[in-house]
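In the order they appear, the protein sequences are chains A and B.
Just so we're aligned: 9 in numbering that gives the first Met the number 0 is position 10 of the first sequence, and the numbers increase by one with no gaps anywhere.
Just so we're aligned: 53 in numbering that gives the first Met the number 0 is position 54 of the second sequence, and the numbers increase by one with no gaps anywhere.
Where a beta carbon is used, it is the ideal one built from N, C-alpha and C, also for glycine.
Okay, structure first, notes after.
Number of protein chains: 2
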Amino acid sequence: MVQYASTQLDGAFAALSDATRRGVLEQLGSADASITQLADRFDMTLTGMKKHVRVLEEAGLVRTEKVGRVRNCTLGPQQLADVNAWLGRYRDMWEERFAELDKVLEDMKRREKSDDRRK
Amino acid sequence: MVQYASTQLDGAFAALSDATRRGVLEQLGSADASITQLADRFDMTLTGMKKHVRVLEEAGLVRTEKVGRVRNCTLGPQQLADVNAWLGRYRDMWEERFAELDKVLEDMKRREKSDDRRK
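This is the structure:
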């Protein structure tokens with residue numbers, strides 16, 4: 000049996016499974032923003048945006064800080080590094096398998112050619 | 000307002016938000032397997048594994064094919080390429096921002112040093 004203790008990674012992927020939340024991360028990638036600014040930008044109620052930001056914050060993808068009456072949002076990098084690391088491992092395996100498949104197909108072609116020559 | 004029409008990407012990230020499903024993808028990355036083999040490997044009922052495989056299949060991450068009485072699972076590559084592409088774009092922005100931050104910190108250090116010299 001294979002064990003995967005990765006609740007944090009679960010939360011990060013779940014947070015990324017919403018187009019608005021991915022949009023918020025892209026937005027914060029270019030500049031920090033308050034929740035009000037994010038709500039305006041995504042044409043959303045303040046309550047709706049607060050919920051999305053909370054999900055991102057719980058997953059470690061976003062950090063928020065209250066400055067006076069404004070809650071400021073910035074990127075929280077660590078978690079996405081984990082997501083990237085997992086995908087990187089997976090991509091390597093996947094490319095390896097496709098390389099194997101290519102090799103099999105090439106062998107098949109070569110064999111076909113030599114069969115043609117014999118006819 | 001920013002528009003993000005990416006229901007497919009939503010499904011792919013949601014499918015990846017479960018440790019068992021990520022484990023199944025890793026397993027299929029090294030060798031194809033039947034649902035029965037996957038259930039055994041992850042110490043899970045056949046019904047439970049069927050549900051996980053269905054989520055992965057609907058997200059385009061896995062392909063299944065019935066061969067006789069066995070349902071064989073293989074990797075479905077396209078969707079993960081989309082996930083990677085999104086993360087890649089995001090990572091670039093993110094690295095850019097950290098490079099900017101590094102520059103600001105360096106400038107601050109330089110200014111501190113020249114202030115020290117003046118004292």
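Nearest to G67/A by C-alpha distance, out of K108/A, D9/A, R40/A and S33/A, is S33/A.
By a beta-carbon distance limit of 8 Å, V61/A contacts G75/A. Their separation comes to about 5 Å. Assignment of beta-bridge partners to V61/A by DSSP yields L74/A. Under the 9 Å criterion on CB atoms, A98/B is classed as non-interfacial with respect to chain A.
In terms of Cα proximity to L24/A, the closest of R90/A, E56/A, E64/A and R117/A is E56/A. Contacts with chain A at 9 Å (Cβ-Cβ) do not include R70/B. At least 9 Å separates the beta-carbon of A80/B from that of A14/B.
Classified as exposed, L45/B has fewer than 16 neighbouring CB atoms from the shown chains inside 10 Å of its CB. Distances from the alpha-carbon of S16/B to those of R20/A, R21/A, G22/A and Q7/A put Q7/A closest. Annotation: D39/A to M48/A spans about 9 Å, alpha carbon to alpha carbon. Here the alpha carbon of R21/A sits roughly 19 Å from the alpha carbon of G87/A. In this structure, the alpha-carbon of A30/A lies about 19 Å from that of M43/A. Beta-bridge pairing by DSSP links V54/A to no other residue. Taking the beta carbon of R90/B as reference, the chain A residues within 8 Å of it are L79 and N83, listed in sequence order. Counting only Cβ-Cβ distances below 8 Å, A13/A has contacts in chain B at F12, A13 and S16, in chain order.
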